[in-house]
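Number 133 in UniProt numbering belongs to position 133 of the sequence shown; there are no gaps in the numbering.
The beta-carbon is built from N, C-alpha and C at its ideal position, and this holds for glycine as well.
The structure presented is a predicted model; accordingly, all values stated were derived computationally and were not measured.
Just below is one structure, and these are the notes that go with it.
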Amino acid sequence: MSTTPADQNTSAAPAPDGDHSTLVEAARFLLAKAEERGLTLSVAESLTGGQVASTLVSVPGASAVVVGAVVAYATRIKEQVLGVDAARLAATGPVDGEVAKQMAAGVARLMDTDLGLATTGVAGPGAADGHPVGTVHVAVASPWGTLARELHLSGDRETVRDGATTAVLALAGALLEAAPPPGADAVE
């Protein structure tokens, strides 16, 4: 994976509001950009439990871009299926920015896609692993860089999950905006 400015945390994605029409519009935008560039994507989800993938496939024609998804709700699945570093998980637990990045890279590798999207965090109703409700990490990995964002969302479980979904879709859209032109070689 390249080391570029895209490998930093970013606040380029708009603030998530979780409105259903916002979710679908973010998915539609992402899918159109990815299809225009001939790119595929896959999703690794923890706290969103399949909501990101469901939102993406609610858009007609999503099959041209979406390859698949893994709901890695249990910590051991993050390690066993997605290849997240066991020592990292033991040290930080699953609610961690680096874990989100590794989940994104892992699902892209597993499904042989250009982009890997990932969500991990605490939806509630109570705190988990020392993190308050609403602590969320989203990440998107690609051959030209990785973007990650930490969020501190408020609201009930559904609101937090909607906000995480909106945020990862927007972050993926931001990473696509930074993509090299179609046909250009990725940075090594």
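Along the chain, where does the alpha helix (DSSP H) that runs through SER54 open and close?
-> Segment 51–57, the alpha helix (DSSP H) holding SER54.
Cut-off 6 Å between Cβ atoms - residues of its own chain near ALA141, not counting five sequence neighbours on either side = Around ALA141, the same chain offers ALA104, ALA105, ALA108 and GLY116 as residues with beta carbons nearer than 6 Å, after the five sequence neighbours per side are excluded.
Classification of ASP156 by the beta-carbon crowding that lies within 10 angstroms, buried from 16 upward = Flag for ASP156 reads exposed.
Under 9 Å, do VAL70 and LEU82 count as touching if we go by C-beta distance?
-> Result yes, Cβ atoms of VAL70 and LEU82 sit closer than 9 Å.
Roughly how many whole angstroms lie between the Cα atoms of PRO181 and LEU39?
-> Their Cα atoms are separated by approximately 11 Å.
Cα separation between ALA123 and SER21?
-> Taking the straight line joining both Cα atoms gives about 21 Å.
Spatially closest choice to ALA172 from SER58, VAL65, ALA72 and ILE77, by CA coordinates | Measuring C-alpha to C-alpha distances from ALA172 to each of SER58, VAL65, ALA72 and ILE77 identifies VAL65 as the nearest.
For THR113, name the three-state secondary structure that DSSP assigns.
-> Here THR113 sits in coil by DSSP.
Please determine, among THR48, VAL95 and GLU79, the residue with the shortest C-alpha to C-alpha distance to PRO132.
-> For the options THR48, VAL95 and GLU79, the alpha carbon positioned closest to that of PRO132 is the one of VAL95.
Per-residue DSSP class, three states only, for THR146 = In this structure, THR146 counts as strand in the three-state DSSP scheme.
How long is the line joining the alpha carbons of THR75 and VAL43, rounded to whole angstroms?
-> Cα-Cα distance, rounded: 16 Å.
Tell me, which residues are paired with ALA141 by DSSP?
-> Looking at the DSSP assignment, ALA141 forms a beta bridge with GLY116 and THR146.
Does the separation of the CB atoms of ASP162 and LEU30 fall below 9 Å?
-> No, the pair does not count as a contact, with Cβ atoms beyond the cut-off.
Range of the contiguous alpha helix (DSSP H) that encloses SER21 = It spans 20–36 - the alpha helix (DSSP H) in which SER21 sits, taken as one unbroken run.
Short Cβ contact (9 Å threshold) for SER63 with GLY121 | Contact flag unset, no.
Quick one: what's VAL136 bridged to in DSSP?
-> In DSSP, VAL136 forms a bridge with GLY121 and LEU151.
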